[in-house]
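For the sequence shown, the residue numbers in the working numbering are 16 to 324.
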Amino acid sequence: MGEATGVLLVNKPKGMTSHDVVNRVRRVFRQRKVGHAGTLDPDATGVLVLCLGYATRVLEYLTADDKEYEAQIVFGTATDTDDATGEVIARRDASALTESDVMSALGKFQGVVAQRVPAYSSVHIQGKRAYERARAGEDFTLPERTVTIYSVDLRSFSSGDSATGNLHVACSKGTYIRSLCRDIGEAVGVPAHMGALNRTRSGVFSIEKTVTLEELETSEHPERALQPVVSALSLSKIFVEEDVANRLSVGQRVWVSRPFEPSGSEDRVSEDRVAVVYDGALVAISEVKDSESDNWLLQPVKVFWKKDR
């Protein structure tokens with residue numbers, strides 16, 4: 016088997032780092048060129064998008080994609096990691112908490128919000144990762160990040176001295192669901208942490224499209240699980256003929272027009288970068304330098320297609 020190229024959707028199991036998954040996939044395909052788009056913590060499960068071969072060159076675009084999660088929030092205890100792996104740092108009986116209390120608080124966490132990152136995270140603070148400072152017992156100020164939470168819904172609620180709820184969250188990249196659970200607890204006046212996390216969507220891919228590591232490792236044809244690179248991109252797509260593909264592939268600027276496939280609901284190209292497609296293959300990711308009606312002047316930023324590929 017030559018070098019595999021494409022996008023692989025793995026349903027990450029609990030107890031494994033994202034890099035562990037990458038290593039397992041490297042062994043399956045017998046190649047080093049494998050990377051993932053968007054880390055999942057070891058205890059988290061769900062959609063982990065991997066790129067193989069020259070598809071690794073689109074990782075920066077896939078990492079920027081929006082995500083969706085199912086999360087369990089546990090009321091009554093807060094931890095130093097904001098999830099179930101940490102030490103309990105606050106405790107309070109949550110039996111008086113009601114479903115309506117939680118529902119009322121959720122509105123504060125929709126839209127553009129400033130989110131304090133967890134103490135145990137990989138964010139750099141003055142040259143060191145936050146978790147390194149936390150483990151060393153250092154006193155430091157946690158930075159805030161601006162993220163977008165498109166929706167946060169309470170799907171179920173169980174009352175008790177350690178009440179729990181199940182959340183569905185749609186959010187932008189960089190959103191910490193651990194922080195969201197902690198902050199919801201603070202909003203209702205009861206300490207809380209994230210009990211479990213499952214990523215159900217990353218960009219255009221849902222969990223129904225994933226495969227398990229066991230399925231890959233026992234398959235005689237694991238390459239059949241690979242998705243085309245072009246299918247992974249959330250960018251608008253412009254479809255061109257071979258002569259335009261050839262010109263873009265050598266770095267030339269080119270005016271192009273319809274047909275196109277917008278990334279959003281509007282019938283237009285709104286981004287400053289688009290995916291250019293010829294004969295089902297990704298030719299280039301191009302910058303829109305100018306536009307007139309349904310015509311766009313494209314400057315290739317990353318070229319993927321060659322005539323003999």
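We treat Cβ as the ideally placed atom computed from N, Cα and C, and that holds for glycine.
Give me, in chain order, the residues of the same chain whose beta-carbon lies closer than 6 Å to that of residue i; leave out the 5 immediate sequence neighbours on both sides.
i, result
"residue 39", "228"
"residue 32", "57"
"residue 216", "83"
"residue 149", "134, 135"
"residue 201", "none"
"residue 231", "43, 237"
"residue 170", "181, 183"
"residue 163", "127, 187"
For residue i, is the classification buried or exposed, using 16 other Cβ atoms within 10 angstroms of its Cβ as the cut-off for buried?
i, result
"residue 27", "buried"
"residue 193", "buried"
"residue 319", "buried"
"residue 82", "buried"
"residue 135", "buried"
"residue 84", "buried"
"residue 191", "buried"
"residue 145", "buried"
"residue 98", "buried"
"residue 321", "exposed"
"residue 34", "exposed"
"residue 220", "buried"
"residue 119", "exposed"
"residue 301", "buried"
Can you name, in chain order, every residue of its own chain whose Cβ lies under 8 Å from the Cβ of residue i, other than the five neighbours on each side?
i, result
"residue 94", "100, 101, 102, 103, 104, 208"
"residue 112", "90, 174, 178, 203, 205"
"residue 30", "57, 58"
"residue 266", "315, 318"
"residue 243", "21, 22, 295, 296, 297"
"residue 132", "138, 145, 157, 158, 159, 160, 191, 194"
"residue 36", "25, 27, 51, 63, 65, 228"
"residue 116", "203"
"residue 222", "26, 61, 62, 213, 214, 215, 216"
Report back the beta-carbon spacing between residue i and residue j to the nearest angstrom; my notes put them in contact at under 8 Å.
i, j, result
"residue 53", "residue 78", "5 Å"
"residue 25", "residue 226", "6 Å"
"residue 198", "residue 124", "7 Å"
"residue 189", "residue 88", "Not quite, the Cβ-Cβ distance comes to about 20 Å (not below 8 Å), so this is no contact."
When the Cα atoms are used, what is the spatial distance from residue i to residue j?
i, j, result
"residue 69", "residue 177", "48 Å"
"residue 203", "residue 114", "11 Å"
"residue 263", "residue 66", "23 Å"
"residue 86", "residue 182", "5 Å"
"residue 233", "residue 50", "21 Å"
"residue 256", "residue 294", "8 Å"
"residue 281", "residue 172", "Residue placement at residue 281 is flagged as unreliable, the pLDDT there being 47, under the threshold of 50; the coordinate-derived value follows with that caveat. When rounded, the distance between both Cα atoms is 37 Å."
"residue 212", "residue 314", "40 Å"
"residue 311", "residue 109", "57 Å"
"residue 184", "residue 19", "33 Å"
"residue 260", "residue 73", "18 Å"
"residue 153", "residue 195", "24 Å"
"residue 305", "residue 147", "46 Å"
"residue 240", "residue 21", "9 Å"
"residue 292", "residue 157", "43 Å"
"residue 151", "residue 180", "33 Å"
"residue 236", "residue 71", "21 Å"
"residue 127", "residue 166", "11 Å"
"residue 269", "residue 17", "33 Å"
"residue 272", "residue 303", "12 Å"
"residue 142", "residue 96", "20 Å"
"residue 92", "residue 55", "23 Å"
"residue 140", "residue 130", "16 Å"
"residue 41", "residue 245", "22 Å"
"residue 308", "residue 48", "40 Å"
Taking DSSP's pairing of strands, which residues face residue i in a bridge?
i, result
"residue 293", "296"
"residue 98", "209"
"residue 83", "185, 216"
"residue 41", "Residue 41 is not bridged to any residue."
"residue 306", "311"
Could you confirm whether any beta carbon from chain B is found closer than 7 Å to the beta carbon of residue i?
i, result
"residue 34", "Structure shown: chain B not included; a single protein chain is present."
Regarding residue i and the ligand COA, is the C-beta to nearest heavy atom distance less than 6 Å?
i, result
"residue 41", "Among the components modelled here there is no ligand, and therefore nothing to report on the ligand COA."
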